[in-house]
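> Protein chains in written order, with my numbering: chain A, 1 to 151; chain B, 152 to 302.
Cβ atoms here follow ideal geometry from the backbone N, Cα and C, with glycine treated the same way.
There are 2 protein chains.
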Amino acid sequence: MHCRLQDKLANVINDAVKRKRIACAFPELRCTFGDSSIVPDIAIFLWKNIPLDDRGRITDTFLMAPDWTIEILSPGQSYKKVRNKILRCLENGTQAGWLIDPDDDLITVYKSKKDIAILDMENDADFNLPMPEFMQGLTFTVKDLFDLLIM
Amino acid sequence: MHCRLQDKLANVINDAVKRKRIACAFPELRCTFGDSSIVPDIAIFLWKNIPLDDRGRITDTFLMAPDWTIEILSPGQSYKKVRNKILRCLENGTQAGWLIDPDDDLITVYKSKKDIAILDMENDADFNLPMPEFMQGLTFTVKDLFDLLIM
């Protein structure tokens, strides 16, 4: 469930902004900043922040927090730990964080530490998920998100 | 740790509003609403919502969600479960929810499901905690809150 959502959501994001060279979504990318590393389920970087080598190839090491971070909670995974990963990103320049909880059909959207919203399928199915500005107004509802889980 | 904070915080709230008969904080009070019961660590009820019997005594059963609910996370307790208790309250008329996490020195303040803020000792020690309106402007900072843990 976790992997399907991760891949499909990364595709949705890349379809919207990768061809235009605005941003790119990377599943399982190690990001090193502050004094340690994290591996978000999906790390989205603005094109200008993607590190390239002399030949224009993406380098192995990303030495900053992602511009947008997305975590998908696995059963048994500590909610607090995952939340703290997102908070650490927000403290280091990340514009937005999503914490998707497929078990509870619920998503927590962090615009900042002091601007957080919880949306769920039962009450907010048609609610447009707040996107970072660089997503150029991509409309994607809570239902669209959890429909990605359907075969 | 959990109990000390629970008692002391209930006292702070009662000192501010109980004598004036505005509201009352009850530790470990069973509240029954919807189709089940919850027992918040601290349930705060507006005076007018406290159920009284013919003799003016508080009845045993509270058949509504608290006006303000406060949860204190214990080590090992599921963050998600506690959060869901607060969300259920907010869906049933509760004006505000606090989720205090003494391990991480962090508090999550829910004004509604879509208006949530995370405050922590490291960054927000002097931040005035947002209070429900009926608290009449009681000022209480993040540091004041976590100082309740000090002997």
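What residue range is occupied by the uninterrupted alpha helix (DSSP H) comprising A:A16?
2 to 17
> Who are the Cβ neighbours of A:S36 in its own chain at under 7 Å, not counting the five residues just before and after it?
none
> Which bits of chain A does B:L280 rub up against, with CB to CB less than 9 Å?
Under the 9 Å cutoff, chain A gives no residues; its nearest Cβ is about 12 Å from B:L280.
> Under the three-state reduction of DSSP, which class applies to B:N279: helix, strand or coil?
strand
> On the DSSP letters alone, give me the boundaries of the beta strand (DSSP E) that B:F291 sits inside.
Neither: B:F291 is in no beta strand (DSSP E) and is coded neither H nor E.
> Taking 8 Å as the CB-CB cut-off, is A:A96 touching chain B?
Closer than 8 Å: no.
> Assuming A:D67 contacts A:T94 under a Cβ cut-off of 8 Å, what Cβ separation, rounded to an integer in Å, is found between them?
6 Å
> Kindly list the residues whose CB is nearer than 7 Å to the CB of B:I178, restricted to its own chain and excluding five residues on each side of it in sequence; keep chain order.
The residue asked about is misnamed: residue 178 of chain B is Pro in this sequence, not Ile. For B:P178, where only same-chain residues beyond five positions count, the Cβ hits under 7 Å are Q157, D158, A161, D192, I193.
> Would you list, in chain order, the members of the stretch 224 to 240 of chain B that have their beta-carbon closer than 9 Å to a beta-carbon of chain A?
L224, S229, Y230, K231, R234, N235, L238
> Using beta carbons (cut-off 8 Å, strictly below), is A:A125 in contact with chain B?
no
> Verify whether the separation of the beta carbon atoms of A:L73 and A:V82 is less than 8 Å.
Yes. Within cutoff.
> Would you tell me roughly how many angstroms separate the C-alpha atoms of A:M121 and B:L299, rounded to the nearest one?
38 Å
> With a threshold of 16 other CB atoms inside 10 Å of the CB of B:I269, please say whether the residue is buried or exposed.
The Cβ neighbour count for B:I269, taken over all protein chains shown within 10 Å, is at least 16; the residue is labelled buried.
> Counting C-beta neighbours from all protein chains within 10 Å, is the total for A:C24 16 or more, i.e. buried, or is it exposed?
buried
> Against chain B, does A:I116 count as a neighbour if the rule is that its beta carbon must be under 8 Å from one of theirs?
yes
> Could you tell me whether the Cβ of B:K264 comes closer than 8 Å to any Cβ of chain A?
With 8 Å as the cut-off, B:K264 counts as an interface residue toward chain A.
> Between the stretch 277 to 297 of chain B and the stretch 123 to 138 of chain A, do three or more beta carbon pairs fall short of 8 Å?
No, because fewer than three Cβ pairs between the stretch 277 to 297 of chain B and the stretch 123 to 138 of chain A fall closer than 8 Å, the two stretches do not touch.
> Give me the Cα-Cα distance between B:T292 and B:I258, rounded to the nearest whole angstrom.
11 Å
> Considering only the beta carbon of each residue, do A:N84 and A:A65 sit closer than 8 Å?
no
> Given 7 Å as the limit, tell me if A:M151 has its C-beta closer than that to any heavy atom belonging to the ligand ATP.
As for the ligand ATP, it is missing from this structure, which has no ligand bound.
> How close, in whole Å, do the beta carbons of A:T69 and A:I86 come, if the pair is a contact with beta carbons under 8 Å?
Sure, about 6 Å apart at Cβ, within 8 Å.
> How would you call B:V260, buried or exposed, if buried means at least 16 neighbouring beta carbons within 10 angstroms?
buried
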